Amino acid sequence: MRNLKLLRTLEFRDIQAPGKPQCFSLRGEQGTVLIGSEHGLVEVDAVTREVKNEIPLVAEGFLPEDGSGCIVGIQDLLDHESVCVATASGDVILFTTGTPMNFLKCLSRLECVGNVAIGISVMNRNPDQELVLFATGQQTLIMMTKDFEPIMEQRIHQDDFSEGNYSFVCNIL
Numbered sequence: 001m002r003n004l005k006l007l008r009t010l011e012f013r014d015i016q017a018p019g020k021p022q023c024f025s026l027r028g029e030q031g032t033v034l035i036g037s038e039h040g041l042v043e044v045d046a047v048t049r050e051v052k053n054e055i056p057l058v059a060e061g062f063l064p065e066d067g068s069g070c071i072v073g074i075q076d077l078l079d080h081e082s083v084c085v086a087t088a089s090g091d092v093i094l095f096t097t098g099t100p101m102n103f104l105k106c107l108s109r110l111e112c113v114g115n116v117a118i119g120i121s122v123m124n125r126n127p128d129q130e131l132v133l134f135a136t137g138q139q140t141l142i143m144m145t146k147d148f149e150p151i152m153e154q155r156i157h158q159d160d161f162s163e164g165n166y167s168f169v170c171n172i173l
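Here is the structure:
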């Protein structure tokens, strides 16, 4: 960690996009940043700072109209040419990004691939994108394959923790 050097910083204070930023994801191959807000996603060119695409998740019912919705995770899936979005209400949404997006094309490519009824606190994938991990609203971890096949579910805080009991330790991030 001592050899890390800051190469550059970017500020996006002047972006004309609806809502307040909640999370972001870098799309390195495209040179853009996906920014999530209570209204949806905005894709911003990292160099010109112009909004390239807007993905209104409120319009499709994935986020509430009153602005109380929250995006808890965004992941660019390079091998699927899509982006995965997780909401606090539990929706896991995929949308295809193979070609430049516009509003009408984007809405036809949105797909809810699953829902965690108790809500999602955090979503993250390991670096090779083979596994996805969700932390739920009831303090459990759900590990799945890249195709969203469940591998395991484990409580974060175990009541019966002792030397003789099974313990799951995972570091995929």
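So for the sequence shown, UniProt numbering puts the first residue at 1; every next one is plus one. Each residue gets a CB set at the ideal place from its N, CA and C atoms; glycine is no exception. If you're wondering where the values come from, they're calculated on a predicted model, not measured in any experiment.
Through-space distance from residue j to residue i, alpha-carbon basis
i, j, result
"Thr97", "Asp45", "15 Å"
"Pro127", "Gly31", "18 Å"
"Phe103", "Gly19", "Unreliable placement is indicated for Phe103, whose pLDDT of 43 sits below 50; no coordinate value is reported for it."
"Gln24", "Gln139", "Correcting the residue type first, residue 24 is Phe in the shown sequence and not Gln. C-alpha separation (whole angstroms): 23 Å."
"Ile118", "Ile156", "15 Å"
"Glu43", "Glu153", "33 Å"
Residue range of the unbroken beta strand (DSSP E) whose run includes residue i
i, result
"Pro56", "Val51 to Pro56"
"Leu26", "Cys23 to Arg27"
"Asp45", "Gly40 to Asp45"
"Thr48", "Premise fails: Thr48 is in no beta strand (DSSP E) and is neither H nor E."
"Leu4", "Segment: none, Leu4 is in no beta strand (DSSP E) and carries neither H nor E."
Residues bridged to residue i [DSSP beta-bridge criterion]
i, result
"Gln154", "Leu141"
"Phe134", "Met123 and Ile142"
"Gly36", "Cys23 and Leu41"
Distance between beta carbons of residue j and residue i, contact taken as under 8 Å
i, j, result
"Val83", "Asp76", "6 Å"
"Gln22", "Gly36", "5 Å"
"Thr136", "Ile151", "Wrong, their Cβ atoms sit about 15 Å apart, outside the cutoff."
**Prompt:** Taking the runs of the beta strand (DSSP E) that are 3 residues or longer, which of them lie wholly in the segment 64 to 121?
**Reply:** Here the runs fully enclosed are 71 to 77, 82 to 87, 91 to 96 and 110 to 115.
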